[in-house]
Amino acid sequence: MNVIVFSSLKELSHQLERERRYRCESHRQKRDSNNGGGSLEDGRGEPWAVIQIRISKGWSYEDIEVFQDGGTQYAQRAGEAVLGFGKNGDHFTLEDESAFKLFAIYCALALHYSRIYTLLSHKHMKYQVAMDVLNYHISCSDDEYKALLKAPEIAENLIPADFDTYDFCCYDYTEHLPKLFIKLIQETFTNTFEMRKLCRFILTVRKNYRPVQYHNWEHGFHVGHSLWQMIRKCKFQFTNLEKMALIIGGVCHDIDHRGYNNDFFKKLKLPLAALYSTSLMEEHHYKQMITILHAEGHEIFSFLTADEHRLILDYIRKNIIATDLSLYFTNQKFLTGLIERKEFNPEVGAHRHGLLALMMTGADLCAIAKPWHTQQRTAKFIYDEFFMQGDEEKKRGLQPIPMMDRHYQDDIPKNQIGFISFICKPLYTTLSVLLPGTKRLLDGTITSMDKWKVEMEEQKAAREKATKEQSARAE
Ligand SMILES: [Zn+2]
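In my numbering, the protein residues as written are 56 to 530.
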């Protein structure tokens, strides 16, 4: 707002009237030319003020009221001032001038904040509408929900024989996974959860996994299942909230994964990288899970007290973030140090959190410990996804790391052996010291490494044979 100081009330009054007419006219023209007019929220219109002068008491006082955005019927009053004349009653004094300047600044600020408030409130409404649409689309369909709710328990003859072992592979049972999830939840927590909410929740979680090669719903299920196995097979005294945060956090830990790792988003400066500085996909998975939990009919933790609710969300967040493999190395070092010094104490918060985080990493990588057939199938999914990222990076002018470059796909056995020696074997060794009930995972990992070594030898022999045949043909 410009501040103009007038030498007399008459002059001020005329100027304000001219200003008001001019603004009314320009607003009308703008509205006509925009077919409905510029509005505050679409940026086409400008906020403007109507200043009204009203003689209130005789000739010696004037009320000045400032309104925003045309007319007074729906306008917000931004300010009000009463100006008095000097002794002579025919001119403004210096005090009047400075008071009016101050008043004008106040009005300008009031109008400015009023405009921001209007914009914010409009954006909030837009956000609410978008959330309604999003909630509708992220939710499972009513038909599948009703079908599951009608018969949530899986028939005995449909339960896979190895379901209660670490070896279970869900690839051939995808249609039964929601019921199998309900089975493991019911077995662990009896009737703690409301069945209606549990059914809707797990179907919506499934829907929110993308159909990527590896980080999909089946992978999420494997992780939740492995954590359930760890809880069942280990004598460790987990609290109920910890168990819920492990199993449910495990099933949800990769929701909305797009098949690209964190580096991809950073290298290409994609919006997710701007939102989070570290563990960006993991933060996103957690946020997606919270969105589902807040959606109508999905509030599976509504039976908890406010404190318990806060606590379980904190546990789940920590668990999901722990699946960022870059955080594993520090945690592994921390726990092995405690074991070596015989200082591990599950009653100490940091020790306990380290163990839970290691369980999450162990469950996330569980495919490496499963029987060879499952291991081979999973490795194919993993590398298909890696190569897809590599292809995308090449398309965008970047050079992928060799592991993601399909040009080096013969290196898969070598990469797998390196991955097991460097990460998986130390991980499951530490885990089986702290939780002996996870020893099967260590044994499975060692078996997988032996198999990959055989695979590498066979590949080498086949290559040598091909080279010999080629040179024989050349001779
Ligand atoms: Zn994962």
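Glycine is no exception: its CB is placed at the ideal position from the N, C-alpha and C atoms.
For the alpha helix (DSSP H) that residue i lies in, which residues bound it at each end?
| i | result |
| --- | --- |
| LYS515 | 494-529 |
| LYS425 | No alpha helix (DSSP H) holds LYS425; DSSP gives it neither H nor E. |
| TYR470 | Contrary to the premise, residue 470 reads as Asn rather than Tyr in this sequence. ASN470 -> alpha helix (DSSP H) spans 467-474. |
| VAL403 | Taken as a continuous stretch (DSSP letters only), VAL403 belongs to no alpha helix (DSSP H), as it is neither H nor E. |
| PRO326 | 326-330 |
| ILE209 | Per DSSP, ILE209 belongs to no alpha helix (DSSP H) and is neither H nor E. |
| ALA216 | Element bounds for ALA216: n/a, residue is neither H nor E. |
| ARG372 | 361-376 |
| LEU490 | Here LEU490 belongs to no alpha helix (DSSP H), and DSSP marks it neither H nor E. |
| HIS277 | 272-288 |
| HIS312 | Careful: HIS312 lies outside any alpha helix (DSSP H) and carries neither H nor E. |
| ASN386 | 380-395 |
| GLU242 | 232-244 |
| PHE248 | Per DSSP, PHE248 belongs to no alpha helix (DSSP H) and is neither H nor E. |
| HIS340 | 335-349 |
Distance check for residue j and residue i, CA to CA, integer angstroms please.
| i | j | result |
| --- | --- | --- |
| PHE236 | LYS480 | 28 Å |
| SER503 | GLY392 | 27 Å |
| GLU96 | THR433 | The predicted model places GLU96 with a pLDDT of 34, which falls under 50 and marks its position as unreliable; any figure quoted below should be read in that light. The straight-line gap from Cα to Cα measures roughly 51 Å. |
| MET56 | LEU453 | Confidence at MET56 is low in this model, with a pLDDT of 35, below 50, so the placement of that residue should be treated as unreliable; the coordinate-derived value is given next. Approximately 51 Å, taken between the alpha carbons. |
| GLY473 | ASP227 | 29 Å |
| ALA165 | ASP362 | 40 Å |
| LYS201 | MET250 | 11 Å |
| ALA329 | ARG407 | 32 Å |
| LYS515 | LEU490 | 38 Å |
| ARG287 | CYS195 | 30 Å |
| ASP419 | LYS262 | 20 Å |
| LYS142 | ALA163 | Because the pLDDT at LYS142 is just 49, under 50, the model does not fix this residue reliably, and the value given afterwards should be weighed accordingly. Whole-angstrom Cα-Cα distance: 30 Å. |
| LEU157 | LYS178 | 31 Å |
| PHE215 | LEU301 | Looking at the sequence provided, one finds Pro at residue 215 rather than Phe. If I take the Cα positions, the gap works out to 22 Å. |
| ILE445 | ASP311 | Correcting the residue identity first, residue 445 is Gly in this sequence and not Ile. Rounded to the nearest angstrom, the two C-alpha atoms are 20 Å apart. |
| LEU253 | PRO207 | 10 Å |
| LYS298 | TYR182 | 34 Å |
| THR346 | ASN374 | 17 Å |
| PRO457 | GLU199 | 43 Å |
| GLU354 | PHE256 | 8 Å |
| GLU440 | ARG461 | 10 Å |
| LEU410 | LEU496 | 16 Å |
| PHE293 | GLY352 | 28 Å |
| MET344 | TYR172 | 31 Å |
| ASP505 | PRO468 | 11 Å |
| ASN246 | LYS324 | 46 Å |
Examine ligand 1 and report whether any of its heavy atoms sits within less than 7 Å of the Cβ of residue i.
| i | result |
| --- | --- |
| ASP419 | yes |
| HIS280 | no |
| HIS270 | yes |
| ASP197 | no |
| HIS308 | yes |
| HIS353 | no |
| HIS274 | yes |
| THR378 | yes |
Is there at least one non-hydrogen atom of ligand 2 closer than 7 Å to the beta-carbon of residue i?
| i | result |
| --- | --- |
| PRO455 | Ligands in the displayed structure: ligand 1; ligand 2 is not one of them. |
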